[in-house]
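Everything on this sheet refers to the single structure shown next.
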Amino acid sequence: MDVAVPSGQVLKARVATQLIFLVCGLGMASWAPMVPFAKDRLALNDANLGLLLLLLGGGAMLMMPTSGWLVSRFGSRVVMTGAALVMALSLPLLLILPSVAAMSVTLFVFGSSIGAIDVAMNAHGVQVQNLYGKPIMSSLHGLFSVGGLFGSLGLGFLIKLGLNPVYAIVSIAILIIGIALTQYNHLFSLDTEKQAIATFSAPEKAVEGNRQFGWLNGTVLFLGFMCFVVFLAEGAILDWSAIFLRDIKGVDSELAGAGYAAFSIAMAIMRLVGDKLVARLNGKTVVVTGSLLGAVGLTIAVLSPWVVGVLAGFILLGLGAANIVPIFFSEAGRLPGIAPSVSLPAITTIGYTGMLAGPASLGFIAQHFSLSTAFISVALLLVLVALSYALKGK
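Take the sequence shown: its letter number 199 is residue 204 in my numbering, and every next letter is one higher.
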């Protein structure tokens with residue numbers, strides 16, 4: 006290894022990166038139980054709510070290409086910390102803003118912070134993994150899912166205990182700020198990242214030569230589409246599970262976040278063992294089996310007349326989808342002739358268009374047909390992922 010980074014520093018960077026993934030999941034999932042409150046406060050129907058949610062995905066997608074440039078110029082830790090602060094400051098506003106216009110702007114800013122931190126933490130995670138010498142991407146995404154658990158279930162739990170919703174979300178925002186600021190010095194500096202990239206990635210000339218064409222690479226487009234579908238499935242649970250449980254299955258608003266919580270628990274558990282699972286099986290088996298399992302889970306959630314069955318379906322989706330995106334990101338980091346600093350923002354941006362198109366498209370399907378029909382359409386797309394990846398390379 007040509008990069009002289011002390012092992013202790015690498016270990017601290019790994020822990021700090023795990024905590025940033027936790028922060029991202031915590032902040033993002035805290036929005037899930039707030040969706041029913043926002044729908045009622047603003048008097049929105051499903052279609053209008055879908056349009057509003059479009060701005061969250063739009064902010065994330067538009068920020069991702071810019072984040073790649075910001076990371077290369079200022080370093081991942083600056084981008085991650087700044088995005089975490091913006092995310093934390095946006096959360097309380099999402100609970101109290103009284104107008105659609107104000108919510109639209111804030112959701113766009115909130116989505117932008119998610120897009121920025123997502124690109125930066127994955128880029129940083131790739132470099133930490135390279136220097137650590139062992140696969141860690143699934144475990145990093147596992148901490149994201151743990152954050153999703155605490156965000157979706159924790160906010161509802163605090164409200165159920167009688168804490169004012171505003172105080173509850175402010176407490177979560179303070180936690181996010183505290184973690185981000187205390188871990189800043191443990192993350193790799195820009196110089197350390199440049200050293201790692203120079204050692205483990207394509208030469209700089211190759212990077213520059215492929216920057217404008219990386220997005221047109223067939224494998225990049227293929228992986229991007231696969232990520233698109235998986236992010237669409239995750240977005241469906243994030244944005245619509247609480248509405249589905251409350252309006253279709255009759256669950257109280259305070260407990261409607263349990264759907265995303267169940268999904269996040271399953272994802273967290275599977276991702277925390279994902280590195281060993283991927284090492285034992287091959288990536289294709291994990292992706293194909295996981296996609297089919299996720300499709301079955303969504304179908305069960307729709308068809309089950311019992312809330313327990315719905316939650317079981319969300320759990321199956323979480324188990325199936327858990328390691329698909331980490332496998333795609335790891336594959337993107339190994340593409341010949343394209344450095345991770347080019348391929349990862351490209352694939353992440355394409356994938357997150359699932360977050361952009363998903364809420365709006367599912368909202369329109371729900372308005373004209375039903376939310377159950379919208380979920381079944383996502384299940385069919387997961388089957389398409391399984392078939393496409395199974396035939397890859399044949």
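We put the beta carbon where it would ideally sit given N, CA and C, even for glycine.
Model, not experiment: these values are computed from the prediction.
Self-check item: Rounded C-alpha distance that separates residue 162 from residue 174
Solution: What you label residue 162 is simply residue 157 of the sequence shown in a count that begins at 1. What you label residue 174 is simply residue 169 of the sequence shown in a count that begins at 1. About 11 Å.
Quiz item: Between residue 35 and residue 14, what straight-line distance do the alpha-carbon atoms span, to the nearest angstrom?
Solution: Mapped onto the sequence shown, residue 35 falls at position 30. Mapped onto the sequence shown, residue 14 falls at position 9. In this structure, the CA atom of residue 35 is about 31 Å from the CA atom of residue 14.
Quiz item: Since residue 394 and residue 315 are thought to touch, with beta carbons under 8 Å apart, how far apart are those beta carbons, to the nearest angstrom?
Solution: Numbered from its first residue, the sequence shown carries residue 394 at position 389. Numbered from its first residue, the sequence shown carries residue 315 at position 310. The Cβ separation is near 27 Å, so there is no contact.
Quiz item: How should residue 179 be labelled, buried or exposed, when 16 other C-beta atoms within 10 angstroms of its C-beta is the threshold for buried?
Solution: Indexing the sequence shown from 1 puts residue 179 at position 174. By the neighbour-count rule (16 or more Cβ atoms within 10 Å), residue 179 is not buried but exposed.
Quiz prompt | Close-in-space but distant-in-sequence residues of the same chain around residue 304 (CB under 6 Å, 5 per side omitted) | solution = Start at 1 with the first residue of the sequence shown, and residue 304 comes out as number 299. Once the five neighbours on either side are set aside, the close Cβ partners of residue 304 are 384.
Quiz item: Among 199, 167 and 26, which residue has its Cα nearest to the Cα of residue 153?
Solution: Residue mapping note: residue 153 aligns to position 148 of the sequence shown, counting from 1. Of the listed residues, the one whose Cα sits closest to residue 153 is 26.
Practice problem: Please work out which residues of its chain come closer than 8 Å, Cβ to Cβ, to residue 126, disregarding the five sequence neighbours upstream and downstream, and give them in chain order. | Solution: Taking the sequence shown and counting its residues from 1, the one referred to as residue 126 is at position 121. So the list reads 22, 25, 26, 29, 81, 85 and 145, once near-sequence residues are dropped.
Practice problem: Label residue 172 either buried or exposed according to how many other C-beta atoms from any shown protein chain fall within 10 Å of its C-beta, with 16 as the threshold for buried. | Solution: As a first step, residue 172 must be located in the sequence shown, where it is residue number 167. Classification for residue 172: exposed.
Quiz item: Sorted by chain position, which residues of the same chain lie with C-beta nearer than 6 Å to residue 275's C-beta, five sequence neighbours on each side aside?
Solution: One-based indexing of the sequence shown puts residue 275 at position 270. Close CB contacts of residue 275 within its chain, under the 6 Å cut and outside five residues either way in sequence, are with 324 and 327 (chain order).
Quiz item: Is the stretch 128 to 140 touching the stretch 224 to 244 in the sense that three or more CB pairs, one from each, lie closer than 8 Å?
Solution: The stretch 224 to 244 makes no contact with the stretch 128 to 140: fewer than 3 CB pairs, one atom from each, lie closer than 8 Å.
Self-check item: Beta-carbon contacts of residue 264 that lie in its chain and below 6 Å, excluding the five residues immediately before and after
Solution: In the sequence shown, counting from the first residue as 1, residue 264 sits at position 259. Result list for residue 264: 246, 250 and 319, in chain order.
Quiz item: Is residue 83 near residue 95, with beta carbons less than 7 Å apart?
Solution: Within the sequence shown, the letter at position 78 stands for residue 83. Within the sequence shown, the letter at position 90 stands for residue 95. Residue 83 is not a Cβ neighbour of residue 95, given a cutoff of 7 Å.
Practice problem: Might you give, ordered along the chain, the residues of its own chain that have their beta carbon closer than 7 Å to the beta carbon of residue 70, omitting 5 neighbours on each side? | Solution: Residue numbering aside, residue 70 sits at position 65 when the sequence shown is read from its first letter. Hits under 7 Å: 350 and 354.
Quiz prompt | Proximity to residue 308 [Cα-Cα], best of 76, 253 and 196 | solution = As a working note, residue 308 is residue 303 in the sequence shown. It is 253.
Quiz item: Leaving out five residues before and five after residue 42 in sequence, what residues of the same chain have Cβ atoms less than 8 Å from its Cβ?
Solution: The sequence position of residue 42 within the sequence shown is 37, counting from 1. Sequence-distant partners of residue 42 (beyond 5 residues in either direction) whose C-beta falls short of 8 Å from its own C-beta, in its chain, are 100, 170 and 258.
Self-check item: Separation of residue 392 from residue 297, as counted between CA atoms
Solution: Position 292 of the sequence shown, counted from the start, is the residue given in the question as residue 297. Position 387 of the sequence shown, counted from the start, is the residue given in the question as residue 392. Whole-angstrom Cα-Cα distance: 9 Å.
Quiz item: Thinking C-beta only, is residue 388 closer than 7 Å to residue 3?
Solution: Given that the chain is displayed from residue 6 to residue 399, the structure contains no residue 3 and the question cannot be resolved.
Self-check item: Proximal residues to residue 330 (C-beta, below 8 Å), its chain only, five neighbours per side dropped
Solution: Taking the sequence shown and counting its residues from 1, the one referred to as residue 330 is at position 325. Excluding sequence neighbours, residue 330 sits near 146, 232, 235, 236 and 356.
Practice problem: Spell out whether any CB of chain D is found under 7 Å from the CB atom of residue 259. | Solution: Considering every chain present, this structure includes no chain D. It has just one protein chain.
Quiz item: In the stretch 220 to 281, which residue ranges form an unbroken alpha helix (DSSP H) of at least 4 residues, counting only runs that do not cross its ends?
Solution: Contiguous alpha helix (DSSP H) elements confined to the stretch 220 to 281 occur at 223 to 248 and 263 to 277, taking only those with 4 or more residues.
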